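A quick write-up on the structure given underneath.
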Amino acid sequence: MFSSWIPSANPHHHRFPPPQIFTNALLSNQDITALIRDTEPHERALFSVPPPPPPPTQIAPEPKPSSSRRQTVFNVTSGEVAPASGPNGRAPRRNTAVAAVLGAELHSQVRKTENGRGEVDVEVLLKGAEKLNAVYPVQGVPERIRELRSRYAQLRESVRRHEEKVQKQTRELERLNRGDEFESGGEENQGENEEPSVMEITDEDLRREEREIRELERKKRALEERVSGMERDLGGLLR
1 MFSSWIPSAN PHHHRFPPPQ IFTNALLSNQ DITALIRDTE PHERALFSVP PPPPPPTQIA
61 PEPKPSSSRR QTVFNVTSGE VAPASGPNGR APRRNTAVAA VLGAELHSQV RKTENGRGEV
121 DVEVLLKGAE KLNAVYPVQG VPERIRELRS RYAQLRESVR RHEEKVQKQT RELERLNRGD
181 EFESGGEENQ GENEEPSVME ITDEDLRREE REIRELERKK RALEERVSGM ERDLGGLLR
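Using the UniProt record's numbering, count along the sequence shown one by one with no gaps and you end on 239.
In structure tokens, the structure reads:
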């Protein structure tokens, strides 16, 4: 009977259950310090609020005891946590993560560009998009930014050339409108070997110059509309 039990005691004849979810945690001691790490920039941006606004010049009334709870502000750049000095616990503003990633100066420039309070700077929008994409990478965005920067440079150069051409045509038209007012009677007494410079101006010449100026102005407006379209696209990307 004992000899018949020995083959059944072979471990190859028995199936043991696999380790459960907490088996390794119970059998081994993990070093908890190995699990501690610094937060990434995008993680700090998700749980952060901008610093509170500067206090007003006038003396504010003392806060009520019910609203004297301490508020916490996370400094994204240095990773520090400090109590806020504001009397009221206001909700965080919109685009908090975007403001934290861009920084105060660049975010202020982007906001001015979006609100139309200053001159639209496409390069500022492109820099903001690059900085955001470095923290929150999106596939295809770097190629799109390079394409927009190259396109903006081409449009800016084209606008400059057309403006110079419009100015040149305008000066030429003004000179044609003045006619031969610079010619005087003394020019008729010049030497025989000097040929007088006489330019015949017709109505057809004037109409042709005006048509060219109108065409150049139309092209300039079209280029400006394309630049405005690029600025709207970049503004939507940063929102």
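In this text, a Cβ means the ideal position worked out from N, Cα and C, and glycines have one as well.
Quick caveat, the model's predicted, so the values are computed rather than measured.
Check                                                                                                                   : Outcome
Beta-carbon proximity list for P41, same chain, < 6 angstroms, skipping 5 on both sides                                 : V135
Buried/exposed call for Q20, threshold 16 Cβ in 10 Å                                                                    : exposed
Cα-Cα separation between V138 and E224, rounded to whole angstroms                                                      : 29 angstroms
Test item: CB-CB of E217 and Q169 under 7 angstroms                                                                     : no
Distance, L26 Cα to G103 Cα                                                                                             : 46 angstroms
Beta-carbon proximity of E204 to L173, cut-off 7 angstroms                                                              : no
Whole-angstrom C-beta distance between L148 and M230, which should lie under 8 angstroms                                : 6 angstroms
Where R202 sits in the DSSP three-state scheme                                                                          : Here residue 202 is Thr; the residue named in the question, Arg, does not match the sequence. Three-state DSSP puts T202 in coil, outside helix and strand.
Check whether R226 and L155 have beta carbons under 7 angstroms apart                                                   : yes
Where the alpha helix (DSSP H) containing L176 begins and where it ends                                                 : 141 to 178
C-alpha distance - K220 paired with S158, whole-angstrom precision                                                      : 9 angstroms
Spatial neighbours of L106 in its chain, beta-carbon cut-off 8 angstroms, leaving aside the 5 residues before and after : V124, K127, G128, K131
Extent of the continuous alpha helix (DSSP H) run through N133                                                          : 122 to 135
Sequence-distant residues of the same chain with beta carbon closer than 8 angstroms to E163, five excluded per side    : K220
Host alpha helix (DSSP H) of T23 (start-end)                                                                            : 23 to 27
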